[in-house]
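The structure appears right after this line, and notes come after that.
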Amino acid sequence: MSSAPLSESQVRDCLRGVNDPEIGRSLVDLGMLKGVRTSSEGGTAVTIKLPTPAYPAPERIADLVKGAISRLIPTSGSVTVDFVWEVAGKDSGGTLGLRAKNVIAVGSGKGGVGKSTMAASLAVGLQRAGAKVGIMDADIYGPSVPHLFGVKGRPHIVEEKGPEGQIIQRMDPIEADGVKIMSIGFLVAPDEPVIVRGPILHRTIEQFLRQTAWGELDYLIIDLPPGTGDIALTLSQLLGLAGAVVVCTPQQLALIDAVKAINMFRKVKIPVLGLVENMTGEIFGRGGAKLKAAEMGVPFLGEVPINAKIRELGDAGRIRAAFDADSPARAPLQHVCEQAAIQIAKSLLETPKMPSLEIL
Ligand SMILES: Nc1ncnc2c1ncn2[C@@H]1O[C@H](COP(=O)(O)OP(=O)(O)OP(=O)(O)O)[C@@H](O)[C@H]1O
Ligand SMILES: [Mg+2]
875 MSSAPLSESQ
885 VRDCLRGVND
895 PEIGRSLVDL
905 GMLKGVRTSS
915 EGGTAVTIKL
925 PTPAYPAPER
935 IADLVKGAIS
945 RLIPTSGSVT
955 VDFVWEVAGK
965 DSGGTLGLRA
975 KNVIAVGSGK
985 GGVGKSTMAA
995 SLAVGLQRAG
1005 AKVGIMDADI
1015 YGPSVPHLFG
1025 VKGRPHIVEE
1035 KGPEGQIIQR
1045 MDPIEADGVK
1055 IMSIGFLVAP
1065 DEPVIVRGPI
1075 LHRTIEQFLR
1085 QTAWGELDYL
1095 IIDLPPGTGD
1105 IALTLSQLLG
1115 LAGAVVVCTP
1125 QQLALIDAVK
1135 AINMFRKVKI
1145 PVLGLVENMT
1155 GEIFGRGGAK
1165 LKAAEMGVPF
1175 LGEVPINAKI
1185 RELGDAGRIR
1195 AAFDADSPAR
1205 APLQHVCEQA
1215 AIQIAKSLLE
1225 TPKMPSLEIL
């Protein structure tokens, strides 16, 4: 069949009818159609802008785009689809001077369900996908993020000029595996108890956010301590969070606590990105969190099986290796990272944009 050159507007009109497989809305309306080039030889090159580098299986979009063009215009020549990404975000750190596009809190109602493991995994997974990522340990009394990444040390103090020329002292986060880390664990000796009263706790968290030289981040993950909503409330007053990931185990009790955590986040106006079932398996059971998520009207981000390897890697300060090709935890953890990133993108992109302006 001979190929007739297509016009760019023909292609755009055609792609108006193609929905993003994750968000379920037109690629054009979502502003994801970044460019269309057609050549006189009949070839068409489409560029799609993904809202996160952790977009799950973008080749599905390529198939849909190719399918739509060839169905509508059977004489079309070759179609190539390229991807670029730019993390969508609401620049949540305004008054704190924090330049993080998305701040994600990781919490649970119950202790020991794997929040820190999941927070660290989110950081690693998003970083490996290509994003700029930081992680802040907001568990002042039991900081475990440095341990999971196998890092110690004291942050360097750097001096920066403030907006009025004043000198501001900031702490450089400690970087491990490309992730910027800040924790009170860096500031106190490992066996030293941290005694911080309520109001000071609020200030400590604020200082951590304000005085860490995070630089520009696509995602800042915050590992919350178990239980009460104190810190969540503090965070919601300081930042416009992208949302919270709630971790639970399949046990009935953990599920009851997860419901409490979801309600707590709702109360302090932090959107719930979704629920993760951790330690799924023979010991604790399976599937309870998915049902609970549906019941509560929150997304289900996935299940992570109970696996001795996850504990061993965490204990050894090698949580990054959970994403190695031969790791049994890789696929489930990656799925959770992708789903969390997609939920953020979804909440931002769902507001319709001016389609014609987006693709100029
Ligand atoms: N999927 C899993 N399989 C096996 N072990 C796991 C899994 N997830 C977490 N663990 C282990 O469970 C323990 C508790 O995990 P973690 O410290 O992440 O929980 P937490 O909710 O942050 O706890 P805390 O409430 O004390 O902050 C750790 O030893 C960790 O390695
Ligand atoms: Mg923890």
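Read in order, the letters of the sequence shown correspond to residues 875 to 1234 in this note's numbering.
Ideal placement from N, C-alpha and C gives every residue a C-beta, glycine not left out.
Remember, predicted model here, so these are calculated numbers, not experimental data.
| Check | Outcome |
| --- | --- |
| Beta strand (DSSP E) runs contained entirely in the region 1087-1116, provided each spans 3 or more residues | 1090-1097 |
| The region 916-929 contacting the region 890-908, beta-carbon criterion three pairs below 8 Å | yes |
| Cβ-heavy atom distance, Ile-1170 to ligand 1, below 7 Å | The sequence given here has Met at residue 1170, not Ile. Answer for Met-1170: no, Cβ out of range of ligand 1. |
| Chain-order list of residues whose beta-carbon lies under 8 Å from that of Ile-1144 (same chain, five-residue window excluded) | Ala-979, Ala-1106, Leu-1109, Ser-1110, Leu-1115, Gly-1117, Ala-1118 |
| For Asp-1104 and Met-1056, believed in contact at Cβ under 8 Å, the rounded distance | In fact, because the Cβ distance is near 19 Å, the residues do not count as touching under 8 Å. |
| One or two residues paired with Arg-911 in a DSSP bridge | Ala-919 |
| Residue from Val-955, Val-961, Gly-891 whose Cα sits closest to the Cα of Ile-1218 | Val-961 |
| Contact between the region 1022-1036 and the region 1119-1127 (3+ Cβ pairs under 8 Å) | no |
| Separation of Thr-1123 from Met-1170, as counted between CA atoms | 16 Å |
| Which listed residue (Asp-1065, Ala-1063, Leu-1112, Ile-1096) has its alpha carbon closest to that of Glu-1080 | Leu-1112 |
| Val-1146 versus Glu-896: straight-line alpha-carbon distance, rounded | 18 Å |
| Bridge partner(s) assigned by DSSP for Phe-1174 | Leu-1149 |
| Pairwise C-alpha distance: Ile-1193 and Val-1025 | 11 Å |
| First and last residue of the uninterrupted beta strand (DSSP E) at Phe-957 | 953-959 |
| Where the alpha helix (DSSP H) containing Asp-1046 begins and where it ends | Asp-1046 -> no alpha helix (DSSP H), and no H or E assigned at all. |
| Enclosing beta strand (DSSP E) for Ala-979 [first to last residue] | 973-981 |
| Presumed contact (8 Å Cβ cut-off) between Ile-1058 and Gly-1027, rounded CB distance | So it is not a contact: roughly 13 Å between Cβ atoms. |
| Residue from Phe-1060, Ile-1157, Gly-999, Leu-1187 whose Cα sits closest to the Cα of Pro-930 | Gly-999 |
| heavy atom of ligand 2 below 7 Å from Lys-989 C-beta | yes |
| Beta-carbon proximity of Thr-912 to Ser-944, cut-off 8 Å | no |
| Neighbourhood of Cys-888 by C-beta distance below 8 Å, restricted to the same chain and skipping five residues each side | Ala-942, Ile-943, Leu-946, Ile-947 |
| Closer than 7 Å: Ser-1018 CB and nearest ligand 2 heavy atom | yes |
| For Thr-969: DSSP bridge partner residues | Thr-969 pairs with nothing; no bridge assigned. |
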